[in-house]
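Notes follow once the structure below has been shown.
Chains as they are written, first to last, in this note's numbering: chain A, 1 to 553; chain B, 1001 to 1803.
Now the structure itself:
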């Protein structure tokens, strides 16, 4: 009850501050709003390092994705090159120092005080600003950090239980010049609250490196203020039925679909389209299993938005059990798997789904583990991914869980799964999900995504949905966003998506489908076309599929 | 592996105590228990009554605690393991499975429990070491041995409670396995008296703790989503049962399409196997409010017939927008929480549209591929070739492996059972000649030939026995011929009953390591199937179930049927549907008829037809295209014509229902069965013929009659008959006599006939002998005259010329 009141209060507060969620600028606009400087604004990131100490992840990539929750262009500049740069030419400036004692040119520090653009300082190196007039005597920050695993952050009028690591101790010396945005208190300690985020003029200081967990979510919310965003969408939630493949109980899956459809809730289904015969090793396509196809059609017609989840999602094991694009044992890219082969699998999966009147709107990497080269291939086939993103090729153990829609380095729209999954346990099966949702659903424009496996009993799904509905947040319908899926011989457009494709003497067949996969209208161009052609939705039905055929009309 | 504590408690505590009980006492107890239960007199002794009261009070208290502690969301149900009031198991049993069907709309909670009370005979006590119990393959542990419920030795028994984890139970079918471990006394020869276990239905129950899931529309699970609530009532006593579970609402003026709807609904509901006629009520749409109280509801009506019935707001515009010929199926919920009930609206813009909706409802695949709820249906659902194949017998040769059984294993001393199903021989077919099963046997080498065997059964009928040494070839194969003419059934079950003896064993021996018999997955069924030829009026199922989708069955009702008539149609469809549990599609036809409105040809062509109506209107059904031997007389309403002669109805027993089989006038090779009473559809008498196997098994021939007391009169038109059917009817079912009086009368008649036959025989013997004597004399005289003539003429006695 308390949580609902709090959620309602925050929702009201957001509504007063942000106004109604605008849908007019395209479906994505509310989730990825434009900054105050406009959607062509440039954010320059000066970075002194790319990762936090003892980490193999690429936290610069994390920061990029955090910043890209607004529609801005990012330019990355290493601090070593900052001496000759002019920070004032950017619309927004971010200084990223994930490790202690960053080497920051003095000229850069001085120049920073003169820029008119908002500046965001993240992490270490703030002690160097003692020598800068604008900040001297306003605050004092340590060059070192410590950690607080059970701190409570105070932000937006609410306490957020969060572990803070690293925590760079700081003191506000002049409260008139510094506006404290976020403070931390360690329960049981007698001392006052400590500043974690504060603002001095146009510069916002963040005395931590917020690359993961709750802190990352709060930082994402803070970015909206940094960018001066006024309009954001209401927080949304989604549920994904995970690892749905040949060998699942299709009757039970239909019941899950019926339950969700009965409540008129859209949902996602992560589909593994092929299966490796355990005896012969032969890979069988979904056309060999009519019941599987029928169940997917059933789901698609009842609010299920399909996602391609690998091809067989296994190397020899049961589908859904193994890594398909990563060597988990050695924690490195899978030997022998070329980007071309990965792309061939993706295309094969998409094609076999299209042939059955099934439309995958997005991609999900099996076990969220793939190398950059594979991600790049994914980005050429799918515009959207529903997942956590592996941060580097050094390990698959560090991924980024965004708080809302964002884009990755390959231009993919990332719809984040960040709440976790329903445990195969009788008690507390979704406590973790609700705990995270309790945070995310109180943040502006956030998306909380979780998943449940189709082997779980229906009461688990019902319990999860009822618990999520208590947050009184809408469920995300993936089909309301813009997506394209491109193959050499076809292009799927959803929402307001458009895509330029190069054709070589190819005929274009166009078909419009409704959400259940039924053909509404179809046309065929009279002549073959060569050259670059931009395809746009014609506004018929929900999905439009262009197939490119070679040969005479 | 250490033995569970309870095993030792049982072996060294309770069992020895029971073994010490005098043999007379045990026998007396078993006899008393059997007698008491069979007589249905549970209050026969003071102790029994008190015990049952105590049990009920204890359960009541537990339930109250449950509701206080959990806000009433948690519920409890007691499932008996078996249906019979008293079950006797052989004392030499090694394993026994019990199957329980649990609904899908509940969540199992912790706290469930299996209670077993086994009464062993003295012989069993000397042989039993221990027993274990498993649910769905999960062995149960942590059992608690209860003290005997009574000080009276006759009420002693092995009383054990097993906690059942929530994860051990599953929706749908659950298997509870009792596995007995026996020792074998060297002095005890095979075949010696093994004793028995006795189990009472009320004492052996699975207590399930559960919560209900919220209801939500789920059309693909029809009809189970509408019926499975009944499974929760399975443990209820008859006197505490509430009324019908489902209401079917129809417009006041029903047409053919509504009748077909009732037939399809009945057939589909019958497939569940547990839905009984009394679980459903029929009402006119005007009475929807009263009829729907506390029940799931199915409404069958066209759009225009929904007057006064509240339609869900999201259905109304869809219904209103239906184009001619379009059908509609929509499922909604009414009420909240435990009061929530399903409402299924089956409709259409017109009769054509409504029929499309009904055919969709009659097809599982069609419901799965129908548009989202509410569904608008543009066409009759197509049947794929794969679905169509299910109406035909399975492949001629199939291995157990392909049937999904893999290796069939039987273990333990002595008796155990196993079965293989999935073999398809629909009810419209029977086994032809040259059908056989070849078993690949893998027996333990420790089996003693003299005490070990395997019985093979088909649908419960024994077809052969194997004993060690009977197998042939390197592959240990043995073949059994399947009986030609065995009628198809859904499901067909190949059963195996093994008796495994490995010689003397003690409780310390790992006997299951030695006593086993496996049937390999490549064991093969070779089947030839031929269509069943319906013979006589007793073969209604063979006649109406020629097609596993019931597309070759049509049921005709009088032109203006009452709800009572519709009820009979529904019950008959329910009965037929129960014979086809695995058919994904059931599309029986049903329509009205009268003399002025004979059945529409295309609806009855190619189908076996059952005409339900009073005999006086039978002629109206066939319009003179086939001679009907029993019919009304248009000039005399109180008379009937039988074989062309008029008889007053007063001459006959008034409760008689007549059944008459004729070739269908609409389709060569198909049958028509006409059934009904003198003035109505035959009431309870007809129901006895339709639904009581014992009564129907006594009925055959082309023409038959049955009355409310089960008396029957049979007539075969193809055979020589000394009397007319009317005479036989009056003789076999005399009016005004009870069944006992009739039996007495017929016995007297039979005795008189016997006397007459004896007299006739004596007369025939005497006069026959006299005749033979006269003939003999005549021959002798002729011979003598010829001989004398020959002598006179100088010839020999044989006519040769003498020289």
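All C-beta atoms in this analysis are idealised placements derived from N, C-alpha and C, irrespective of residue type, glycine included.
| said: Please tell me whether residue 1070(B) has its Cβ less than 8 Å away from any Cβ of chain A. | reply: Low confidence applies here, because residue 1070(B) scores a pLDDT of 48, under 50, leaving its location unreliable and the question unanswered by this model.
| said: Which residue marks the beginning of the beta strand (DSSP E) containing residue 1487(B), and which one marks its end? | reply: 1487 to 1499
| query | Counting only beta-carbon atoms, is residue 426(A) nearer than 8 Å to chain B? | reply | yes
| message | Short of 8 Å in beta carbon distance, which residues of its chain neighbour residue 538(A), apart from the five on each side in sequence? Order them along the chain. | response | The residues are 510, 512, 544.
| task | Return helix, strand or coil for residue 1713(B), following the three-state DSSP convention. | result | In this structure, residue 1713(B) counts as strand in the three-state DSSP scheme.
| field | Opposing strand residues paired with residue 1280(B) [DSSP bridges] | value | 1246(B)
| Can we say the segment 246 to 265 of chain A touches the segment 449 to 459 of chain A, given the rule of at least three CB pairs closer than 8 Å? | yes
| field | Cα-Cα separation, residue 1032(B) to residue 1107(B) | value | Confidence at residue 1032(B) is low in this model, with a pLDDT of 41, below 50, so its placement is unreliable and the value that follows should be read with caution. If you take the alpha carbons of residue 1032(B) and residue 1107(B), they lie about 41 Å apart.
| Rounded C-beta distance between residue 1589(B) and residue 1499(B)? I'm assuming under 8 Å. | Contact flag wrong, Cβ pair sits at about 49 Å.
| request: For residue 1792(B), collect the residues of the same chain with a Cβ closer than 6 Å to its Cβ; drop the 5 residues on either side in sequence, then sort them by chain order. | output: none
| Should residue 243(A) be labelled buried (16 or more other beta-carbon atoms within 10 Å of its own) or exposed? | buried
| Below 8 Å, can you find three or more Cβ-Cβ pairs linking the segment 1191 to 1210 of chain B to the segment 1107 to 1122 of chain B? | The segment 1191 to 1210 of chain B is in contact with the segment 1107 to 1122 of chain B.
| task | Give, in chain order, every unbroken run of the alpha helix (DSSP H) that is at least 4 residues long and sits entirely within the segment 1508 to 1594 of chain B. | result | 1511 to 1514, 1540 to 1544, 1563 to 1577
| query | Is residue 465(A) buried or exposed, if buried means 16 or more other CB atoms sit within 10 Å of its CB? | reply | buried
| field | Chain-order list of residues whose beta-carbon lies under 6 Å from that of residue 91(A) (same chain, five-residue window excluded) | value | Setting aside the 5 residues that flank it on each side, residue 91(A) is surrounded in the same chain by 37, 41, 42, 117, each with a C-beta closer than 6 Å to its C-beta; the list follows chain order.
| request: For chain A, find out if any of its Cβ atoms is closer than 8 Å to the Cβ of residue 1369(B); answer yes or no. | output: At a cut-off of 8 Å between beta carbons, residue 1369(B) contacts chain A.
| Using a beta-carbon distance below 8 Å, is residue 462(A) in contact with chain B? | Closer than 8 Å: yes.
| message | Give me the subset of the segment 472 to 506 of chain A whose CB atoms are less than 9 Å from a CB atom of chain B, sorted by chain position. | response | So nothing in the stretch comes that close.
| Hey, quick one: how far does the alpha helix (DSSP H) through residue 1772(B) stretch, first residue to last? | 1739 to 1792
| task | Output the boundary residues of the alpha helix (DSSP H) element that contains residue 1101(B). | result | No alpha helix (DSSP H) contains residue 1101(B), which is instead part of the beta strand (DSSP E) from 1095 to 1102.
| query | Which term fits residue 486(A), buried or exposed, when burial requires 16 or more other beta carbons within 10 angstroms of its beta carbon? | reply | buried
| said: Assuming residue 460(A) is part of the beta strand (DSSP E), what are its boundary residues? | reply: Under the DSSP assignment, residue 460(A) falls outside any beta strand (DSSP E), being part of the alpha helix (DSSP H) whose first and last residues are 458 to 469.
| query | Going by beta carbon distance, what residues of the same chain come within less than 7 Å of residue 625(A), once the five residues before and after it are set aside? | reply | Any answer about residue 625(A) is impossible in this case: the structure gives chain A only from 1 up to 553.
| request: Buried or exposed for residue 1257(B), please, with buried defined as at least 16 other CB atoms from any protein chain shown within 10 angstroms of its CB. | output: So residue 1257(B) ends up on the buried side.
| Local Cβ density within 10 Å of residue 54(A), reported as buried at 16 or more and exposed below that | Classification of residue 54(A): exposed, given that the 10 Å Cβ count is below 16.
| query | Going along the chain, which unbroken runs of the alpha helix (DSSP H) with 4 or more residues stay wholly within the segment 1116 to 1152 of chain B? | reply | Here the runs fully enclosed are 1122 to 1127.
| Are the beta-carbon atoms belonging to residue 346(A) and residue 381(A) less than 8 Å from one another? | Yes, the Cβ-Cβ distance between residue 346(A) and residue 381(A) is below 8 Å.
| For residue 141(A), which residues of its own chain have a beta-carbon under 7 Å away from its beta-carbon, when the five flanking residues on both sides are left out? | 126, 127, 168, 170, 207
| message | Which residues does DSSP list as the beta-bridge partners of residue 1075(B)? | response | 1210(B)
| In three-state DSSP terms, what is residue 313(A)? | The answer is coil: DSSP assigns residue 313(A) none of H, G, I, E or B.
| message | I need the DSSP call for residue 1227(B), collapsed to helix, strand or coil. | response | helix
| message | Any beta carbon of chain A sitting closer than 8 Å to that of residue 1218(B)? | response | Closer than 8 Å: yes.
| Do you know offhand how far residue 144(A)'s Cα is from residue 1138(B)'s? | 58 Å
| Measuring CA to CA, which of 1789(B), 1734(B), 1585(B) is closest to residue 1389(B)? | Minimum Cα-Cα distance from residue 1389(B) among the listed residues 1789(B), 1734(B), 1585(B) corresponds to 1585(B).
| request: Run through the segment 88 to 165 of chain A for me and flag every whole beta strand (DSSP E) of 3 or more residues, listed as ranges in chain order. | output: 92 to 97, 119 to 123, 139 to 141, 146 to 155
| task | Sort 535(A), 506(A), 532(A) by Cα distance to residue 526(A) and report the nearest one. | result | 506(A)
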